[in-house]
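Novice:
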Amino acid sequence: MRFCAMSRIFFTVIMALMCVYHITASSAFAQGEAAANSKPARTAVKTQTGAGSQQPAAEAPVQVPKINFGITPTNNPEDISVALQIIILLTVLTLAPSILVMATSFTRIVIVLSFVRRALATQQLPSNQIIIGLSLILTFFVMTPTFAKINADSLQPYFNRDITQMEAISRTSETLRDFMLKQTQESDLSLFIKLARDKKFEKKSEVPFYIVMPAFILSEMKIAFEMGLIIFLPFLVIDMVVASVLMSMGMMMLPPAMISLPFKILIFVLADGWHLIIKSLVSSFA
0 MRFCAMSRIF FTVIMALMCV YHITASSAFA QGEAAANSKP ARTAVKTQTG AGSQQPAAEA
60 PVQVPKINFG ITPTNNPEDI SVALQIIILL TVLTLAPSIL VMATSFTRIV IVLSFVRRAL
120 ATQQLPSNQI IIGLSLILTF FVMTPTFAKI NADSLQPYFN RDITQMEAIS RTSETLRDFM
180 LKQTQESDLS LFIKLARDKK FEKKSEVPFY IVMPAFILSE MKIAFEMGLI IFLPFLVIDM
240 VVASVLMSMG MMMLPPAMIS LPFKILIFVL ADGWHLIIKS LVSSFA
């Protein structure tokens, strides 16, 4: 009985809502139709009253440039050359961050700074943004003589139309190769010469760019890990001393990292650690 009563009430409410919706929709439709019928009359009145007044001049149409996309055959080699130059430029711009990371001092600097944070065990202090930003600033500082030479020997003559584009690219690659060869170890360079199965070169300046670059990256990672190990050892000694003291006191449940962190920061600050690390990093590229 309760179910029947509730169902009756439910259907009654639904029917009432449908009736209200029907009435509202009918009135709205009637108002819209009346408004539509009244518009021509109003416009007619306006045209009659304003017949004697001067009509404003029609505005000039806005000209929109026409853009066409397509592939059409051509007999002019210069058109193909321009298209290839655009493709090469877009490719270089896409790979510019990787070139900045791999062909400069950025790799060594960012690895060493990451080792410092890991040795201090400060979790995310300094943050990744600070480490990358500091690495970029130090990279531009270290690479300033190289960039100045590229600007003087390649960019400015090219802007003055004294040399061609290919000559500017060749001079730029030679300058970068000279910088990388100064930082590349002999063992790494000979390794990639053997892997490339290329001829033996009498001078380092004769080694092509595609052999110098991977050898340079390998040398940078090797030097960075060596510097990171030297930085890591003093903080490892502090962790071992703190852990042994806690074990002797019977505090085995207390994490040693929590106790050793203040001592690490204290020793790092007293030794002026950031000054020593930045000085060693910049001096390693001399």
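Sequential numbering from 0 applies to the sequence shown in numbering that gives the first Met the number 0.
We put the beta carbon where it would ideally sit given N, CA and C, even for glycine.
Here the structure is a predicted model, which is why all the values come from computation and not from measurement.
In terms of alpha-carbon separation, which member of Leu194, Glu185 and Thr143 lies closest to Lys203?
Specialist: Out of Leu194, Glu185 and Thr143, Glu185 has the C-alpha closest to the C-alpha of Lys203.
Novice: Any idea if Pro255 is buried or exposed, counting beta-carbon neighbours within 10 angstroms, 16 or more meaning buried?
Specialist: Buried.
Novice: Can you name the start and end residues of the alpha helix (DSSP H) that Gln128 belongs to?
Specialist: Note, Gln128: alpha helix (DSSP H), Asn127 to Ile149.
Novice: To which residues of the same chain is Pro213 closer than 6 Å at the C-beta, ignoring the five residues directly before and after it?
Specialist: Excluding sequence neighbours, Pro213 sits near Phe191.
Novice: For Asp238, does the three-state DSSP call read helix, strand or coil?
Specialist: Correct three-state label for Asp238: helix.
Novice: State the start and end residues of the unbroken alpha helix (DSSP H) segment that holds Ser189.
Specialist: From DSSP, the alpha helix (DSSP H) with Ser189 extends over Glu185 to Ala195.
Novice: Below 7 Å CB to CB, which residues in the same chain sit around Leu112 once its five sequence neighbours on both sides are set aside?
Specialist: Excluding positions up to five away in sequence, the list reads Ile130, Leu133 and Ser134.
Novice: I'd like to know whether the C-beta atoms of Lys263 and Ile237 end up nearer to each other than 8 Å.
Specialist: Yes, the pair counts as a contact, with Cβ atoms nearer than the cut-off.
Novice: Given that a residue counts as buried once 16 or more other Cβ atoms are within 10 Å of its Cβ, and exposed if not, what is Val244?
Specialist: The residue in question, Val244, is exposed, as its Cβ has fewer than 16 Cβ neighbours within 10 Å.
Novice: Which residue comes first and which comes last in the alpha helix (DSSP H) that contains Met252?
Specialist: It is not in any alpha helix (DSSP H) - Met252 carries neither H nor E in the DSSP assignment.
Novice: By the 10 Å Cβ neighbour count, where 16 or more other Cβ atoms means buried, how is Thr174 classified, buried or exposed?
Specialist: Looking at its Cβ environment, which holds 16 or more other Cβ atoms inside 10 Å, Thr174 is buried.
Novice: Buried or exposed for Gly249, going by 16 or more other Cβ atoms inside 10 Å?
Specialist: Gly249 comes out exposed.
Novice: Within its chain, find whatever has a CB closer than 8 Å to the CB of Phe200; leave out the 5 residues flanking it on each side and keep chain order.
Specialist: Ile192 and Val206, listed in sequence order.
Novice: Mind checking Thr163: buried by the 16 CB within 10 Å criterion, or exposed?
Specialist: Per the 10 Å Cβ criterion, exposed.
Novice: Is the beta carbon of Ser104 closer than 8 Å to that of Phe215?
Specialist: No.
Novice: Express the C-alpha separation of Ile87 and Phe224 in angstroms, rounding to a whole number.
Specialist: Near 35 Å, if we compare the C-alpha coordinates of Ile87 and Phe224.
Novice: Can you name the start and end residues of the alpha helix (DSSP H) that Ile170 belongs to?
Specialist: In the sequence as presented, Ile is not what sits at residue 170; that position holds Arg. Here the alpha helix (DSSP H) through Arg170 covers Gln164 to Gln182.
Novice: Which same chain residues end up closer than 6 Å to Arg170 when comparing Cβ atoms and leaving out the 5 residues on each side of it in sequence?
Specialist: Once the five neighbours on either side are set aside, the close Cβ partners of Arg170 are Asp152 and Ser153.
Novice: Hey, Gly227 and Phe140: beta-carbon distance below 8 Å or not?
Specialist: Contact flag unset, no.
Novice: Can you tell me which of the three DSSP states Arg160 falls into?
Specialist: Note: Arg160 maps to coil in three-state DSSP.
Novice: Between the C-alpha atoms of Gly272 and Ala242, what's the straight-line distance to the nearest angstrom?
Specialist: Spanning the two alpha carbons is a distance of roughly 23 Å.
Novice: Using 10 angstroms around the beta-carbon of Leu265, count the other beta-carbons present and answer buried if the total reaches 16, otherwise exposed.
Specialist: It counts as exposed.
Novice: To the nearest angstrom, how far is it from the Cα of Leu119 to the Cα of Leu260?
Specialist: Near 7 Å, if we compare the C-alpha coordinates of Leu260 and Leu119.
Novice: Looking only at its own chain, which residues have a Cβ that is under 7 Å from the Cβ of Phe231, when we skip the five neighbours before and after it?
Specialist: Correct list, in chain order: Phe114 and Ala118.
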